[in-house]
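Encoded as structure tokens, the structure appears first; notes follow it.
There are 2 protein chains.
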Amino acid sequence: MNAVGKMLIGLHLGNGYGSQSGAWRMPGVDPKSYTSFDIRVKQAQAAERGKFQFIFLPDGPGAVMTDIETESPVFNLDVMMTLAAVARETQYIGLVATGSTTFNEPFNLARQFKALDIMSHGRAGWNAITSSGEDVAANYGKRIPSSQDRYGRAHEAVQLIQSLWGSWGKDAWIHNQNSGQFAKKDQILPINLQGKYVGSRGPLYIPPSEQGQPIIFHAGGSPNAHQLAGRFANVVIGTAFTIEDARAQRNAFRAAAKSYGRDPDEIKYIAGLMTTIAKDRRTALDRRIQLGGSSLIQKFEYLQKMLGIPLDLSLINEPILELQLENARPSHYPRSSNALKIARQGWSVLDILAHGVIDYHPVIAGPGVEVADHMQAWYEAGAADGFWISPDVNSDGIDAFVDHVVPLLQERGLFHKEYESKTLRGHLGVPDQYGIDPRV
Amino acid sequence: MNAVGKMLIGLHLGNGYGSQSGAWRMPGVDPKSYTSFDIRVKQAQAAERGKFQFIFLPDGPGAVMTDIETESPVFNLDVMMTLAAVARETQYIGLVATGSTTFNEPFNLARQFKALDIMSHGRAGWNAITSSGEDVAANYGKRIPSSQDRYGRAHEAVQLIQSLWGSWGKDAWIHNQNSGQFAKKDQILPINLQGKYVGSRGPLYIPPSEQGQPIIFHAGGSPNAHQLAGRFANVVIGTAFTIEDARAQRNAFRAAAKSYGRDPDEIKYIAGLMTTIAKDRRTALDRRIQLGGSSLIQKFEYLQKMLGIPLDLSLINEPILELQLENARPSHYPRSSNALKIARQGWSVLDILAHGVIDYHPVIAGPGVEVADHMQAWYEAGAADGFWISPDVNSDGIDAFVDHVVPLLQERGLFHKEYESKTLRGHLGVPDQYGIDPRV
């Protein structure tokens, strides 16, 4: 059983508040959510109620506190500890976290993700990325290696980790109390890999999980990312602002998979989507204005560049004049065309900004049906196999999605109504993996 | 409030079965305990019922599977994931795990132990050790560095990690939704440490816990261990087979603390103790014979060396003749004197071995009162501030200790009857730590 033929949905589980920087101040939000594992668990449970296939925890241990005076950090205290908490208090939802190959020892990554896989009874996934920020490197007292070295190490690390995960055969663990045989030693083999960057003798001392071993995610869009994901990943988290761009990205990853001799369908392209769900567009925009505070105004300059026209800050509550819009030339910034489209609908400059035209992913601010329509359009256009949802505020934004978007998608036959499986591989239609993949 | 004036007790939480290699085969033991987080949680809860101050998870990611055909691995799948599970399902007990400074990036250790400290509301401790086994190094594709380099790196790593833990001031985290102030930026400072071995800019993005930050444990007995523990540790887990040896070790650590300008009482020496608790000695020995199986016979050779006399394997069920014992010369092996004492009591050779005279720590096999007597004698002789208990089989051995030893110690006024605190520092009488320790 798998989820082929339906869209996949993941939840962004980050700092506990939500994806908008003002989320921590919103009514009904516990201001201590950043350190609350109870709240993370509750949010994951809300996503499980909505039959999300996975939660996905980004990470980047760098300068996540640029505006700590007024804004919360963007990531979890520690992604693995968060997933451990969630694993014990959910039953179905997949558990995926970022773990950088640049500043982690592969053996440690292998051990921790496999332990999570055991703990969650086969629901773990690893987002294998490289670290490119000098702020991250500084926390390790190092500099960022060259792109070639980062990806060279990443390829070795993923191969090594998958080998460690597979170092016990499927039936190696006997634990027969009568015969006294604990395991079949000849099915637990060292891996003896030594590359240019990393090495390990192994074996890892952890038997297979209910899905065999975790699956590989990747997040990124460069040619290097295509190669790494094309070789190893089953899921890619992408950043695309238009259907055309998403489709091109998806095709690039599928082509990369093919170039490694894989079936392109083995790699699922997941598009990011940020949501503000309310009874109507106006209410949603007002919510985002409350959320954004002065940070919306800070984006005013950038909006002018995106549209290619000068704007007057004193007229921020007025629509842009028709005359001006005729001169607008969407810049090369990938979000420009959407910004112009919104502007042409006659919204005020502040409302244009409140639409989230400058955010990390496409934003839908409005009733649930608009979110469902967006997802359907992208999915049916071959632009995405699914979506990674970042609610504006988690405390009510996850429930809003579950109550007002999920039922529409289910009615339209686009999203499953029940979990078909108890493992992440089952949710994604990826075969269980035991031993070492002969293709690697 | 603290625990000064009473002994401290910790539980060895390892592979899920217990400290004896045959534990996984015993009646009543779930043979899948190795991969069961449910069982670890239940065992920790049993220790909490007994008011243990902490659980302690050793780790050493090397060749933990030497006899995997018949024996379980000795350690947890992953100590941090185990403690995360336990943290969510206990309320008082301290949570301590080994994390090697040799093959971990300090920033990663800092983050994960501090996240555990937040998750457990101030109950985390870190056993800061170095890795000396080539089998461990091989899993990282490396060789073991020289002792000087290992301890050099360890000193830098602990200092760096404590600095990262203290990089938020006590009151830095405001999270005031009305004023919009999330944190006091001037109380969250980079650490900018760059040593010979490791470095980090910081700050860590995690505010203080209920105890400020985790405390440092150390396990080891070399002069290097004295220095590292004397400088940083609040608790040392020791290995000593006699009161005299334990007292000497304890004094050495206290002297080392003093040499770093600390009050010697800031460092607690915890002696290891392995238990087989049964209604009488005979029943306990029979249990250990069942547990030991052929591994007891394998120790026969070593027993001859310890006693300095030849023994006849065919007479293993007979006591050693008086005439022979007169010729016995306890070897330099530290466990020899106890082995000779047991031999002189007239036990058969197999029973001598079943007493655990060759095990990793002193063994008491018998009724609870004998365990309590041992602990009282060591404690009152100044040989230990407390004990790290390794039951033979966890499934019933923890409860046996809680039901048959703890009440005796409490009646004798040697052990607390209730938790005085909800933090590990509180349990150990160690002051909360905020910011960076000015003495370091």
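Here the protein sequences line up with chains A and B, keeping their order. Just so you know, the UniProt record's numbering puts 372 at position 372 of the first sequence, and the rest follows in order with no gaps. Just so you know, the UniProt record's numbering puts 204 at position 204 of the second sequence, and the rest follows in order with no gaps. Built from N, CA and C at the ideal position, the CB exists for glycine as well.
Quick check: the stretch 403-416 of chain A against the stretch 110-118 of chain A, are there 3 or more CB pairs under 8 Å? At 8 Å Cβ cutoff, the stretches do not touch.
Min CB distance proline 391/B to chain A below 8 Å: It does not; no Cβ of chain A falls within 8 Å.
Out of Gly22/A, Asn15/A and Arg344/A, state which residue places its alpha-carbon closest to the alpha-carbon of serine 295/A. Closest by alpha carbon: Gly22/A.
Of the listed residues Ile129/B, Val86/B, Pro58/B and Pro208/B, nearest to serine 36/B (C-alpha basis): Measuring from the Cα of serine 36/B, the nearest candidate turns out to be Val86/B.
Spatial neighbours of methionine 80/A within its chain, please: CB distance less than 6 Å, with the 5 preceding and 5 following residues excluded, ordered by chain position. Closer than 6 Å at Cβ, skipping near neighbours: Gln112.
Under the three-state DSSP convention, the category alanine 3/B falls into: Caution is warranted here: a pLDDT of 47 is assigned to alanine 3/B, below 50, making its placement in the model unreliable, and the coordinate value is therefore given only provisionally. It is coil, neither helix nor strand.
Alpha carbon of alanine 343/B to alpha carbon of leucine 307/B, nearest angstrom: 9 Å
Buried or exposed: threonine 66/B, going by 16 or more other Cβ atoms within 10 Å of its Cβ? exposed
What does proline 310/B reach in chain A if we use C-beta pairs closer than 7 Å? Chain A residues near proline 310/B: none, gap ~31 Å exceeds 7 Å.
Given that a residue counts as buried once 16 or more other Cβ atoms are within 10 Å of its Cβ, and exposed if not, what is asparagine 176/A? exposed
Does the beta carbon of tryptophan 126/A sit closer than 8 Å to a beta carbon anywhere in chain B? no
Return the CA-CA distance between alanine 365/A and isoleucine 352/A, expressed in angstroms with no decimal places. 11 Å
Thinking isoleucine 289/B and alanine 400/B are a contact (beta carbons under 8 Å), I'd like their distance in whole angstroms, please. In fact, because the Cβ distance is near 18 Å, the residues do not count as touching under 8 Å.
Just to check my reading of the structure: serine 331/B and threonine 242/B have Cβ atoms closer than 8 Å, yes? What is that Cβ distance to the nearest angstrom? Between threonine 242/B and serine 331/B the Cβ distance is about 14 Å, and since that is not below 8 Å, they are no contact.
Glutamine 194/B by DSSP, collapsed to three states: which one? strand
So what does DSSP say about tyrosine 419/A, is it helix, strand or coil? Tyrosine 419/A falls in the coil class under three-state DSSP.
Let me check understanding here. Comparing Cα to Cα, which of Ala240/B, Arg88/B and Leu160/B lies closest to residue 456/B? Because chain B is modelled from 1 through 440, residue 456/B falls outside the range shown and cannot be assessed.
Is the beta carbon of phenylalanine 54/B sitting closer than 8 Å to the one on leucine 409/B? Taking a C-beta distance under 8 Å as the contact criterion, phenylalanine 54/B and leucine 409/B do not qualify as a contact pair.
Terminal residues of the beta strand (DSSP E) in which asparagine 127/B lies: 124-129
Consider the Cβ of alanine 327/B: report whether some Cβ of chain A lies at a distance smaller than 8 Å. Correcting the residue identity first, residue 327/B is asparagine in this sequence and not alanine. Answer no: the Cβ-Cβ gap between asparagine 327/B and chain A never drops below 8 Å.
Chain-order list of residues whose beta-carbon lies under 7 Å from that of glycine 293/B (same chain, five-residue window excluded): Gly22
For chain A, is any of its Cβ atoms less than 8 Å away from the one on glutamine 433/B? It does not; no Cβ of chain A falls within 8 Å.
Verify the CB distance criterion: does aspartate 286/A have a CB-CB separation below 8 Å to chain B? The Cβ of aspartate 286/A sits no closer than 8 Å to any Cβ of chain B.
Starting from the N-terminal side, write out each stretch of the alpha helix (DSSP H) that is 4 residues or longer and does not extend beyond the stretch 344-410 of chain A. 349-354, 368-380 and 394-404
Please list the terminal residues of the continuous alpha helix (DSSP H) segment that includes valine 136/A. 134-139
Whole angstroms are fine: how far does the CA of leucine 57/A sit from the CA of phenylalanine 182/B? 22 Å
Cβ of threonine 70/B less than 8 Å from any chain A Cβ? Yes, threonine 70/B lies at the interface with chain A (some Cβ there is under 8 Å from its Cβ).
Could you tell me which chain B residues have their CB closer than 7 Å to the CB of glutamine 211/A, listed as they occur along the chain? Ordered by position in chain B, no residue passes the 7 Å Cβ test against glutamine 211/A, which lies about 14 Å from the chain.
Tell me, please, whether the CB atom of threonine 35/A is closer than 8 Å to any CB atom in chain B? Chain B has a Cβ within less than 8 Å of the Cβ of threonine 35/A.
Take the Cβ of serine 390/B as the centre, count every other Cβ of all protein chains shown within 10 Å, and call the residue buried at 16 or more, exposed below. Looking at its Cβ environment, which holds 16 or more other Cβ atoms inside 10 Å, serine 390/B is buried.
If you drop the 5 nearest sequence neighbours on each side, which residues of the same chain put their C-beta closer than 6 Å to that of methionine 7/B? Tyr379, Gly386, Leu414 and Phe415
Helix, strand or coil at valine 440/A according to DSSP, with G and I counted as helix: Caution is warranted here: a pLDDT of 49 is assigned to valine 440/A, below 50, making its placement in the model unreliable, and no coordinate value can be reported.
Return helix, strand or coil for tyrosine 34/B, following the three-state DSSP convention. helix
Quick check on the DSSP output: the alpha helix (DSSP H) that includes valine 251/A runs from which residue to which? Note on residue identity: the sequence assigns asparagine, not valine, to residue 251/A. 243-259 is the span of the alpha helix (DSSP H), which, as asked, contains asparagine 251/A.
Give a yes or no on whether the C-beta atoms belonging to leucine 228/A and glycine 202/A are separated by under 8 Å. no
Could you tell me whether the Cβ of serine 132/A comes closer than 8 Å to any Cβ of chain B? no
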